[in-house]
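**Student:** Residue 6 is where the sequence shown starts when you use our numbering, and the numbers rise one by one after that.
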Amino acid sequence: MTTYVDRQTTLADQVTLTGVGVHSGKPVSITLVPAETGVGIVFTRTDKETSSELPAQWNKVSSTALCTVLGDPAGEGVATVEHLMAALVGMGVDNLVVEIDGPEMPIMDGSSSAFVEAIEQVGLKKLDRGRRYLKIKKTVRVDNGGAWCELHPYDGTKFDITIDFDTPLIGRQQFVSDLTPQVFRDELSRARTFGYVKDVEQLWKMGFALGSSLENSVAISEDKVLNPEGTRWPDEFARHKALDAVGDLALAGLPILGLYRSYKGGHKMNNAILVKLFEDPSAFEIVEAPAFRQVGQVDKGGLAASAAFGPDVS
Numbered sequence: 006m007t008t009y010v011d012r013q014t015t016l017a018d019q020v021t022l023t024g025v026g027v028h029s030g031k032p033v034s035i036t037l038v039p040a041e042t043g044v045g046i047v048f049t050r051t052d053k054e055t056s057s058e059l060p061a062q063w064n065k066v067s068s069t070a071l072c073t074v075l076g077d078p079a080g081e082g083v084a085t086v087e088h089l090m091a092a093l094v095g096m097g098v099d100n101l102v103v104e105i106d107g108p109e110m111p112i113m114d115g116s117s118s119a120f121v122e123a124i125e126q127v128g129l130k131k132l133d134r135g136r137r138y139l140k141i142k143k144t145v146r147v148d149n150g151g152a153w154c155e156l157h158p159y160d161g162t163k164f165d166i167t168i169d170f171d172t173p174l175i176g177r178q179q180f181v182s183d184l185t186p187q188v189f190r191d192e193l194s195r196a197r198t199f200g201y202v203k204d205v206e207q208l209w210k211m212g213f214a215l216g217s218s219l220e221n222s223v224a225i226s227e228d229k230v231l232n233p234e235g236t237r238w239p240d241e242f243a244r245h246k247a248l249d250a251v252g253d254l255a256l257a258g259l260p261i262l263g264l265y266r267s268y269k270g271g272h273k274m275n276n277a278i279l280v281k282l283f284e285d286p287s288a289f290e291i292v293e294a295p296a297f298r299q300v301g302q303v304d305k306g307g308l309a310a311s312a313a314f315g316p317d318v319s
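1) Going by CA-CA distance only, name the one from E192, R177, N232 and A294 that's closest to V202.
2) Starting from the Cα of D18, find the closest Cα among S222, K131, P32 and Q62 and give me that residue.
3) By DSSP, does I278 sit in helix, in strand, or in coil?
4) Tell me whether the beta-carbon of V86 lies closer than 8 Å to the beta-carbon of G76.
5) So H88 is in the beta strand (DSSP E); what residue range does that whole segment cover?
6) Exposed or buried, A79, counting other C-beta atoms within 10 Å across all chains shown (16 or more means buried)?
7) Leaving out five residues before and five after S267 in sequence, what residues of the same chain have Cβ atoms less than 6 Å from its Cβ?
8) Spatial neighbours of A119 within its chain, please: C-beta separation below 7 Å, excluding the five flanking residues on both sides.
9) When DSSP labels each residue in this structure, what does Q178 get in the three-state scheme?
10) For W63 and I124, I'd like the C-alpha separation in whole angstroms.
11) Can you give me the start and stop residues for the beta strand (DSSP E) that L129 sits inside?
12) Closer than 7 Å by C-beta to V25: which residues in its own chain qualify, once you throw out the five before and the five after it? Chain order, please.
13) How about P186 and G95: do their beta carbons lie closer than 8 Å?
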């Protein structure tokens, strides 16, 4: 079952990582900076003369084409945030400022493992206020052709992700598990992004995948994996889709108490379920550990609708 945490957290110290953007192909550096209670996860562009903080929230998502984008990367926005967001919620980080010197997060090895290692390197610091959770009270569903996703009430945090590709190499795969730091670290964090070689030329023309390589992606040609080491698990593809779902749903702004199920999902549907959820205030409530008392409501503009909840958007 999910391990409940009673107090909000941040990192015990700052840590810096460098890499390249998988779509831009450009070098980028990020620094994860500890933050106080109630800050939540925010991004700030250090390559801009003046840059305001960009909250990592569902209503700041501007694109879900191949990755999740917050704001406008040509301005103060940031692309490909899902792998870091997955590591933060998976490892239990509530408050953090992400300083980044470019428009796209570094892809590292195509998974969340480098971010998990950085978090474990400096450790977590408990803060002086209880952790807040977004508790699902009734089922919310989004359909898109043959694909669908749902949020259900559940005593914990659980992901049930099914993919179904028309190729024998992948086919139908499913990953189901409660989410804990150990599960995220051991079962999800090393699952890499993947794609078909036949699609790369078209993606290049569209300005995507300029930094993609066998060092940061699982490359599929017809029905074989081109990476010399193969896959890290037989179902690495489903595990990566689950990792993406963890990161995308982290944009709810609070850890979710509920079960998320999806079939043939992706970034677009992961964001759509949050939009649908926040359209119905009766579908959720904000609770605080350890007693899970109700402490506020959320409006369609994001977190912070009531005086009880105030500006504290961890």
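All C-beta atoms, glycine included, are put in the ideal place defined by N, C-alpha and C.
**Tutor:** So, from the listed chains and residues:
1) N232
2) K131
3) helix
4) no
5) Looking at the DSSP string, H88 is not in any beta strand (DSSP E); the run it does join, the alpha helix (DSSP H), is E87 to M96.
6) exposed
7) C154 and I166
8) L22 and M113
9) strand
10) 23 Å
11) L129 to G135
12) K31, P32, V33, P111, I112 and G216
13) yes
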